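As given, the protein sequences belong to chains A and B, one line each in that order.
All you need for the working numbering is the position in the first sequence, starting with 1, plus 8.
All you need for the working numbering is the position in the second sequence, starting with 1, plus 50.
Yeah, the Cβ is synthetic: ideal placement off N, Cα and C, and Gly gets one too.
All figures in this text were calculated on a predicted structure; none of them were measured in a lab.
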Amino acid sequence: MNQTKKIYGGSLDWVTVFIWFTLCIIGWFNIRAAVFDPAHASLVSLSTNYGKQFIYIVTCLLVAGAIMIIDGKFYNYVSPILYGITLILLVVVLIVGRNVGGNQAWIPIGTFRLQPSEFAKLGSCLLLARYLSSHSNKTPNFKTLILGAQILLVPIVLILLQPDTGSALTFFALALVFYREGYLSGQFLAFSLICIILFILTLLFSQWYIIGVLAILCAIGAYLFKRSRKALPSAIILFVASSLFVLSVDFAYEHILQSHQRNRIDVILGKIDDPRGQGYNLNQSKIAIGSGQLFGKGYLQGTQTKYNFVPEQSTDFIFCTVGEEWGFVGSMFVVLLYLGLLLRITQIAERQRSAFARIYGYGVACIFFFHFFINIGMTVGIVPVIGIPLPFLSYGGSSLLSFTMLLFILLKFDANRKGVV
Amino acid sequence: MNSFFERKYIIQGIFIAAALLLALRLFYLQIVDDSYLLSANNNVLRKVVVYPARGVILDRTGKILVQNEPVYDLMVTPREVKPFDTLALCELIGIDKEGFDKRFQKAVGFSPYRASIFEKQLSSQTYARLQEMLYQFRGFYVQNRTVRSYPDSVAAQFLGYINEVTEKDIERSNNFYRPGDYIGVSGVERAYEELLRGQRGVQNLMVDAFNRPKGHFMDGKYDTLAVAGEGLVSSLDLEMQKLAEKFMKNKRGSVVAIEPSTGEILAFVSTPSYDPNMMVGRERGNNYMKLLNDPNKPMFIRPIQAQYPPGSVFKVVSALVSQQAGMIEEHTRYNCPGGYSYGGGRGFMRCTHVHGTIDLPAAIQGSCNTYFGHVYARMLDQRKMKAAQAYGLWREAIMKFGIAQDLGVDLPNEKKGLLPTANFYTKRYGNDKWGSGFNISNSIGQGEVEITTLQMANIMAIVANRGFYYRPHLIKSIGEKKIVKPEFIEKLPVGVEQRYFEPVIEGMSRVVKYNANIRIPGIEMCGKTGTAQNPHGKHHSVFFAFAPRVNPKIAIAVFVENVGYGATYAAPIASMMVEKYLKDTISMSKAVQDRVLKESNLIVPEPPKEPVKETITMVKKTKSAEDNVTYISHSQRAILERWD
Numbered sequence: 009m010n011q012t013k014k015i016y017g018g019s020l021d022w023v024t025v026f027i028w029f030t031l032c033i034i035g036w037f038n039i040r041a042a043v044f045d046p047a048h049a050s051l052v053s054l055s056t057n058y059g060k061q062f063i064y065i066v067t068c069l070l071v072a073g074a075i076m077i078i079d080g081k082f083y084n085y086v087s088p089i090l091y092g093i094t095l096i097l098l099v100v101v102l103i104v105g106r107n108v109g110g111n112q113a114w115i116p117i118g119t120f121r122l123q124p125s126e127f128a129k130l131g132s133c134l135l136l137a138r139y140l141s142s143h144s145n146k147t148p149n150f151k152t153l154i155l156g157a158q159i160l161l162v163p164i165v166l167i168l169l170q171p172d173t174g175s176a177l178t179f180f181a182l183a184l185v186f187y188r189e190g191y192l193s194g195q196f197l198a199f200s201l202i203c204i205i206l207f208i209l210t211l212l213f214s215q216w217y218i219i220g221v222l223a224i225l226c227a228i229g230a231y232l233f234k235r236s237r238k239a240l241p242s243a244i245i246l247f248v249a250s251s252l253f254v255l256s257v258d259f260a261y262e263h264i265l266q267s268h269q270r271n272r273i274d275v276i277l278g279k280i281d282d283p284r285g286q287g288y289n290l291n292q293s294k295i296a297i298g299s300g301q302l303f304g305k306g307y308l309q310g311t312q313t314k315y316n317f318v319p320e321q322s323t324d325f326i327f328c329t330v331g332e333e334w335g336f337v338g339s340m341f342v343v344l345l346y347l348g349l350l351l352r353i354t355q356i357a358e359r360q361r362s363a364f365a366r367i368y369g370y371g372v373a374c375i376f377f378f379h380f381f382i383n384i385g386m387t388v389g390i391v392p393v394i395g396i397p398l399p400f401l402s403y404g405g406s407s408l409l410s411f412t413m414l415l416f417i418l419l420k421f422d423a424n425r426k427g428v429v
Numbered sequence: 051m052n053s054f055f056e057r058k059y060i061i062q063g064i065f066i067a068a069a070l071l072l073a074l075r076l077f078y079l080q081i082v083d084d085s086y087l088l089s090a091n092n093n094v095l096r097k098v099v100v101y102p103a104r105g106v107i108l109d110r111t112g113k114i115l116v117q118n119e120p121v122y123d124l125m126v127t128p129r130e131v132k133p134f135d136t137l138a139l140c141e142l143i144g145i146d147k148e149g150f151d152k153r154f155q156k157a158v159g160f161s162p163y164r165a166s167i168f169e170k171q172l173s174s175q176t177y178a179r180l181q182e183m184l185y186q187f188r189g190f191y192v193q194n195r196t197v198r199s200y201p202d203s204v205a206a207q208f209l210g211y212i213n214e215v216t217e218k219d220i221e222r223s224n225n226f227y228r229p230g231d232y233i234g235v236s237g238v239e240r241a242y243e244e245l246l247r248g249q250r251g252v253q254n255l256m257v258d259a260f261n262r263p264k265g266h267f268m269d270g271k272y273d274t275l276a277v278a279g280e281g282l283v284s285s286l287d288l289e290m291q292k293l294a295e296k297f298m299k300n301k302r303g304s305v306v307a308i309e310p311s312t313g314e315i316l317a318f319v320s321t322p323s324y325d326p327n328m329m330v331g332r333e334r335g336n337n338y339m340k341l342l343n344d345p346n347k348p349m350f351i352r353p354i355q356a357q358y359p360p361g362s363v364f365k366v367v368s369a370l371v372s373q374q375a376g377m378i379e380e381h382t383r384y385n386c387p388g389g390y391s392y393g394g395g396r397g398f399m400r401c402t403h404v405h406g407t408i409d410l411p412a413a414i415q416g417s418c419n420t421y422f423g424h425v426y427a428r429m430l431d432q433r434k435m436k437a438a439q440a441y442g443l444w445r446e447a448i449m450k451f452g453i454a455q456d457l458g459v460d461l462p463n464e465k466k467g468l469l470p471t472a473n474f475y476t477k478r479y480g481n482d483k484w485g486s487g488f489n490i491s492n493s494i495g496q497g498e499v500e501i502t503t504l505q506m507a508n509i510m511a512i513v514a515n516r517g518f519y520y521r522p523h524l525i526k527s528i529g530e531k532k533i534v535k536p537e538f539i540e541k542l543p544v545g546v547e548q549r550y551f552e553p554v555i556e557g558m559s560r561v562v563k564y565n566a567n568i569r570i571p572g573i574e575m576c577g578k579t580g581t582a583q584n585p586h587g588k589h590h591s592v593f594f595a596f597a598p599r600v601n602p603k604i605a606i607a608v609f610v611e612n613v614g615y616g617a618t619y620a621a622p623i624a625s626m627m628v629e630k631y632l633k634d635t636i637s638m639s640k641a642v643q644d645r646v647l648k649e650s651n652l653i654v655p656e657p658p659k660e661p662v663k664e665t666i667t668m669v670k671k672t673k674s675a676e677d678n679v680t681y682i683s684h685s686q687r688a689i690l691e692r693w694d
């Protein structure tokens, strides 16, 4: 009896479930608003996106329930198989996939379409947790880091072949997992941050200016720490490394990035001012959100989204509907829900007794974080347009299901954390 | 729990920082920066002006003179235009690429953000085809409005026309009008512009990203309805107007018929005329230039703008004011030896006949110059005051008949005519020691006196009413409530007692009675012919009348330029009009009718501007009683066009 209670809710983290459910409902309402057509106002109709989303939400409830029933140990054991299946699906999609919007990312199954890259996140996350946890007693070493990274690298490459850059980038967020487990240092994070800043600066200004400024900064650094013997050599190494990075940025920018990716970055940086062409999506998205003001225009009153000014409004740009119809208040509510979810997940991860559950928990948090920040950041114009869904809000069965599974597997671990996973 | 536990805070810190970044950005977009709301509204809102239907104008019997026909203007907002198949659009509306570029540049020049007319007045067929394709042409939309249409193509000068507003019009109206609006430019369209134009409505439509209308903004809360312009009922009688225009075809001149008991104008003809439908539609611009450059000046509103020496009709007025002044009476007789000598025999104003000794009715009947020369002399020289002062009194009395002043007809640009002041002569002669001999031709309506056909018809209305008139007007009532302007029901007395009219009417009655050509069976018409000499060609033909003598129903003046004597055209036309109006038949002999209606063009090219006024002597020629041509001589002066 006691055991049953634990499984079916006693130790289930209801806060997380509540946030999850709230987000799903918000998503459903906003999808309805995004595609609302007064002529077909019925709430549930399979011909509409919100009708389908309703089915997906119900499905997710069932799947969540099923996850809670299955023994937590199962996921650990099955993770290599799951990972293998997702890899196979990623290969299959390259062969039989439907090409939508330039990405060969969907496998058609009947009237529905499966997006393997969404499930690849789950598979990779589980396997990574299993792999890293198996080494958790040892001091983190470079070899484990590389092998662990390889678990992610395979799906990244397969997804890039679609090519779905957005989904591929998601895997990089798992770097935070390596950080948490000690495989990457704080300096690495700082270094990454500096690289991103340098990258942006290089695109904005002439590279020679930047190298000049870097030289001055390094000289100042060397002077300030002149007591340390290592100061001068470090400064020189730092200078040379960053200068090389700066020089390579232009090359990478011009030759590795595709033109539409370059354009998206240029739009964000303000180098392209073309609200009717390259910047149309972003501009309309900002107009939608910005026009919501404090309290929004009211449910179903958003003209930007209702009248199709915003592209992909029920999937990647779903946040526009939130921003336009619910205003700053509604937008902040959603942002806070996500922040609450993320903090809650880290909390849950930290309270796990098993390393597997903890690492998995951080994996989930990282994936959610990346989607949350990149997606909303994209709609408000602080991140280049990257086509990834907003967890639980965006329309789409595959993403909703995979996000739900990610979350509820963690909740399952948490529910019987007192047992051995 | 392991040794890197504290890194949890770094990771949570990153999450919080990211959420904070988004929050700040949202705060900026949604709270700080207001421009996005504007952009969203610009995206979605289309202000569509709903043009009211201009007021319809009916004739006095309820038949349509002007109505409205729908047309469609293609509008463009340049900033909203996205690349599209220009060729397809060009084909649809029938223009070429060059024309497209020109129009587009013009639209950009007007405003990139505001809609302006790309192509005017598409037909409903073109519109139907265009409407299906319109979603392909972002930034374009169609606005419908109405244009004027004239089912009977009559009364062009009376009805006038409308035109797109000019910059000046917009300025003058305090921006009431907007570019592309129409405004009445002449005729009734202009005089009653404020009533006819109605009130514009605005629809705030919402459109989607493909520019397809999706409904009204806020359920039409900010929409305003267009209020149609007031309908007008004209005083014109469509049948009379059509008949008069038929008679006046191929002639230059004017016809004005007035209902004396109301001042309502029954017919208002100015020829050469034009089809008012020419001033509508896509060919309007070309037609307008054509009319403007036409040497026959079809846009000249002759009944109120062409000024002629009044001639005979002036004798009627002179007879009336002189009686009222007590200077003559019905039985006052003068001897007409064939002319009037004045200035101690130095001047001689010839008469058409040797009338012998005649009284006032006979003088009117015979149009005796001598008689009215004497009358004028009495009025000026024998009133125990200076001639200049007496002239002033005389002028004042004459002006009460509507001469040399605006009658206040409800049409713009009415001409006053002319009757010089005493000062004019004092200045001319250097002192005030002048008398009737100095401007004796005024006595018979020549000299400096000028009058319009409308004023002439109005004088007939005054005579018909025996002493008063109502302002002649063309609009009987306004709107559904049938409002009549107060100034049109104001009875205006001319300061001559009723009894003084009878001798004059008697004289006029005799004129018609003794002329078989214009007599109307069963109706006693009172009228007078006139013929004005034109030194540049054939004489002008004039006739004015009212009928019946008792309880008159119609007063009319007909003026035909350059066609010879009064009896040839003007009199038969007036007679037929009166008979048609009173008896709804025409009993005029077929021969005369055919002559009047004959197709040949009687329009003689207008003479070159104002010839020198230096001629002194004129020749006299006598024909029959109603074909009087007067020739007068006077020192230092000549007359360009005169009537007897």
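Is the Cβ of residue i closer than 8 Å to any Cβ of chain B?
i, result
"M340(A)", "yes"
"L414(A)", "no"
"R272(A)", "no"
"A113(A)", "no"
"R237(A)", "no"
"S200(A)", "no"
"K13(A)", "Since pLDDT at K13(A) reaches only 46, below the 50 mark, its modelled position is unreliable, and no value is offered."
"A41(A)", "no"
Buried or exposed: where does residue i fall if 16 or more other Cβ atoms within 10 Å of its Cβ makes it buried?
i, result
"M435(B)", "exposed"
"K526(B)", "buried"
"G487(B)", "buried"
"I414(B)", "buried"
"Y163(B)", "exposed"
"W216(A)", "exposed"
Using the three-state DSSP reduction, which class does residue i fall into: helix, strand or coil?
i, result
"C401(B)", "coil"
"V662(B)", "Because the pLDDT of V662(B) is 38, which lies under 50, any placement of that residue in the model is unreliable, and the number read from its coordinates should be weighed accordingly. Reduced to three states, the DSSP call for V662(B) is coil."
"E556(B)", "helix"
"R188(A)", "helix"
"H589(B)", "coil"
"D258(A)", "helix"
"Y358(B)", "strand"
"T502(B)", "strand"
"T579(B)", "strand"
For a cutoff of 8 Å on Cβ pairs, would you count residue i as touching chain A?
i, result
"V257(B)", "yes"
"Y520(B)", "no"
"S89(B)", "yes"
"Y272(B)", "no"
"A73(B)", "yes"
"F160(B)", "no"
"D269(B)", "no"
Checklist entry - Is the region 168-186 of chain B touching the region 81-98 of chain B in the sense that three or more CB pairs, one from each, lie closer than 8 Å? => result Fewer than three Cβ pairs drawn from the region 81-98 of chain B and the region 168-186 of chain B lie within less than 8 Å of each other, which leaves the two stretches out of contact.
Next on the checklist: Which residues of the region 361-387 of chain A have a Cβ closer than 7 Å to any Cβ of chain B? Give them in chain order.
Outcome noted: Within the region 361-387 of chain A, the residues whose Cβ lies closer than 7 Å to some Cβ of chain B are F377, F381, I384, G385, listed in chain order.
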